[in-house]
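Numbering (my numbering), first residue to last: 15 to 507.
Below is one structure, written out as structure tokens; the observations come after it.
Structure, rendered in structure tokens:
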């Protein structure tokens, strides 16, 4: 191959792709990021409409505590994020009207859980979950060759393994349901409902399917510092884009990748506007999209790991600009429902509000709200969006969270809108859900073809959320550099 257009092409500009790209340009590689949308960030960004800045998803910002992936990347690259720590991470409205405050402090949270759900066994359950969660984060960056795909990976894992890691491996075979049973909490129906609805927004599944390693971390994310970025999540993405471009990388917007094929010395990437050559390629898009645009020989290893639409979720989202007429205990609130919303089997909605000190997304005395919930079987979605809108507006009105007469502007999105906005197959969002029959080492790993094609994002290990996709980008960059001795020698010079 003559001099390629880039050493590495990254397809997609979500947090996984931007993380990998930033780490690689920091090593001196020429990286081109190709994004089909007009703005970078994928599901982790913001967009402007009618003068207001709305979030493109329900993402909460966590991961800046020590040992967490986003903290690691920012420290390594010298990226500083302008964030506001949240005093109260979340408030939950149970179906019976009881309000539950998810305090960050573990002792405060246990006291609150005992008040609402009864004192029996709450302390032991949450202390164990928190210990496991701490273990997960403390070790998340210790095993960057996991899941293993070759002897080199296994040797790396063996070199970094600890007795503590071995002691915690059995938790990958235990579900959150079984852990609740061990603490004699499975018959506490109100608490089980609470746990299930908390898991669905962070692990994309329920206690019977989520293993304890993932489930404990998912349940305890409110026990770490949660942050808000003034201006919205676009301001999380921007420093990464700036870093990439300042280090001779490139971001190409409004180009959709149509095909990827392997050439003698690298890869050919065809878009709707151009054809590019590269030595390596990273797919920072869902595996469901990868198998459609990559040549079959590049995806055979993971073809059986593609989840069908019946096992995925899309989302309903209602974005609102409204008058700010009240104070809120938390900017993130989950509302549990007595009955599913019309046309979709969703028993909870998630409300995210702009911070009262954010002067970038709306005018003073106004707020921006995003209401989201899951859509099952996204390939079959046919519900009446207007009917869902009305049900959600009635809910917010009844809960005295946002009254109808306070609303200045609103618009909603469903499966087809997500597919158009993100380019993701079926409009699925939130990442691959956790399933008990898929152990962590069985999840799609970073290598696609064992030659030079890689995968990151929320369909690759470890999965959902900003911490998960950031770690997937770290792993993809690590394995790419480890696999290519030529790059290692070039960087060493």
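Beta carbons are placed, not taken as given, at the ideal position from N, Cα and C, and that holds for glycine.
Determine which residues share a DSSP beta bridge with residue 104 and list them. The residue labelled residue 104 in the question sits at position 90 within the chain shown. Residue pairing from DSSP places residue 104 in a beta bridge opposite 116.
Opposite residue 368 in the DSSP bridges: which residues? As a first step, residue 368 must be located in the chain shown, where it is residue number 354. DSSP output for residue 368 lists no bridge partner at all.
Do residue 491 and residue 78 have their C-beta atoms closer together than 8 Å? The residue you call residue 491 lines up with position 477 of the chain shown. The residue you call residue 78 lines up with position 64 of the chain shown. No, the Cβ-Cβ distance between residue 491 and residue 78 is not below 8 Å.
Within 10 Å of its beta-carbon, does residue 281 have 16 or more other beta-carbons around it, so buried, or fewer, so exposed? For the purposes of this step, residue 281 is taken as the residue at position 267 of the chain shown. Buried.
Consult DSSP for residue 126 and reduce its assignment to one of helix, strand or coil. Position 112 of the chain shown, counted from the start, is the residue given in the question as residue 126. In the structure shown, residue 126 sits in a helix (DSSP, three-state: H, G or I).
Inter-residue Cα distance where the pair is residue 116 and residue 298: To locate residue 116, count along the chain shown from 1; it is residue 102. To locate residue 298, count along the chain shown from 1; it is residue 284. Residue 116 and residue 298 have their alpha carbons spaced roughly 32 Å apart.
If you follow the alpha helix (DSSP H) that residue 328 is in, where does it begin and where does it stop? Counted from its first residue, the chain shown places residue 328 at position 314. First-last for residue 328: 327 to 337, but that is the beta strand (DSSP E), not the alpha helix (DSSP H).
Inter-stretch contact at 8 Å, needing at least 3 Cβ pairs: the stretch 334 to 352 / the stretch 365 to 374: The answer is yes - the stretch 365 to 374 touches the stretch 334 to 352, with three or more Cβ pairs under 8 Å.
Using DSSP's beta-bridge definition, name the partner residues of residue 425. As a working note, residue 425 is residue 411 in the chain shown. Answer is 333, bridged to residue 425.
Going by beta carbon distance, what residues of the same chain come within less than 8 Å of residue 456, once the five residues before and after it are set aside? If you number the chain shown from 1, residue 456 lands on position 442. For residue 456, where only same-chain residues beyond five positions count, the Cβ hits under 8 Å are 161, 319.
Close-in-space but distant-in-sequence residues of the same chain around residue 354 (CB under 6 Å, 5 per side omitted): The count along the chain shown starts at 1 and reaches residue 354 at position 340. The residues are 360, 361.
In terms of residue numbering, what span does the beta strand (DSSP E) encompassing residue 273 cover? One-based indexing of the chain shown puts residue 273 at position 259. Per DSSP, the continuous beta strand (DSSP E) segment holding residue 273 begins and ends at 271 to 277.
In whole angstroms, give me the CA-to-CA distance for residue 45 and residue 291. Here residue 45 refers to the residue found at position 31 when the chain shown is read from its first residue. Here residue 291 refers to the residue found at position 277 when the chain shown is read from its first residue. Taking the straight line joining both Cα atoms gives about 11 Å.
Contact between the stretch 441 to 459 and the stretch 224 to 233: three or more CB pairs below 8 Å? Contact between the stretch 441 to 459 and the stretch 224 to 233 is present, because at least three Cβ pairs lie under 8 Å.
Cβ of residue 383 within 8 Å of Cβ of residue 422? Position 369 of the chain shown holds residue 383. Position 408 of the chain shown holds residue 422. 8 Å or more divides the Cβ of residue 383 from the Cβ of residue 422.
Among residues of its own chain, excluding the 5 on either side of residue 307, which ones have a beta-carbon nearer than 7 Å to its beta-carbon? By 1-based counting over the chain shown, the position of residue 307 is 293. These residues qualify, in order along the chain: 271, 272, 273, 274.
Alpha-carbon spacing of residue 251 relative to residue 192, whole angstroms: Translated into the one-based positions of the chain shown, residue 251 becomes position 237. Translated into the one-based positions of the chain shown, residue 192 becomes position 178. For the pair residue 251 and residue 192, the Cα-to-Cα distance works out to about 38 Å.
Could you tell me which residues DSSP puts in a beta bridge with residue 383? Position 369 of the chain shown holds residue 383. Partner(s): 334, 367.
Does the structure place the stretch 253 to 260 close enough to the stretch 88 to 96 that three or more beta carbon pairs sit under 8 Å? As far as the Cβ criterion goes, the stretch 88 to 96 touches the stretch 253 to 260, which means the pair count is three or higher.
Assign residue 498 to buried or exposed, taking buried as 16 or more other Cβ atoms, counted over all protein chains shown, within 10 Å of its Cβ. Locating residue 498 in the chain shown gives position 484, where the first residue counts as 1. The residue in question, residue 498, is buried, as its Cβ has 16 or more Cβ neighbours within 10 Å.
Looking at C-alpha atoms only, which residue of 43, 57, 28 is the closest neighbour of residue 431? Residue 431 sits at position 417 when you count from the first residue of the chain shown. Residue 57 is the option with its Cα nearest to residue 431.
When you compare the CB positions of residue 268 and residue 52, do they come within less than 8 Å of one another, or not? Start at 1 with the first residue of the chain shown, and residue 268 comes out as number 254. Start at 1 with the first residue of the chain shown, and residue 52 comes out as number 38. Going by C-beta atoms, residue 268 is nearer than 8 Å to residue 52.
Less than 8 Å separating the beta-carbons of residue 402 and residue 395? Reading the chain shown from its first residue, position 388 is the one you call residue 402. Reading the chain shown from its first residue, position 381 is the one you call residue 395. At the C-beta level, residue 402 and residue 395 stay beyond 8 Å of one another.
If we ignore side chains and look at the alpha-carbon of each, how far apart do residue 190 and residue 237 end up? For this step, residue 190 is matched to residue 176 along the chain shown. For this step, residue 237 is matched to residue 223 along the chain shown. Distance between the alpha carbons of residue 190 and residue 237: 18 Å.
Going along the chain, which residues of its own chain have a beta-carbon closer than 6 Å to the beta-carbon of residue 230, five neighbours each way excluded? Taking the chain shown and counting its residues from 1, the one referred to as residue 230 is at position 216. For residue 230, where only same-chain residues beyond five positions count, the Cβ hits under 6 Å are 143, 146, 147.
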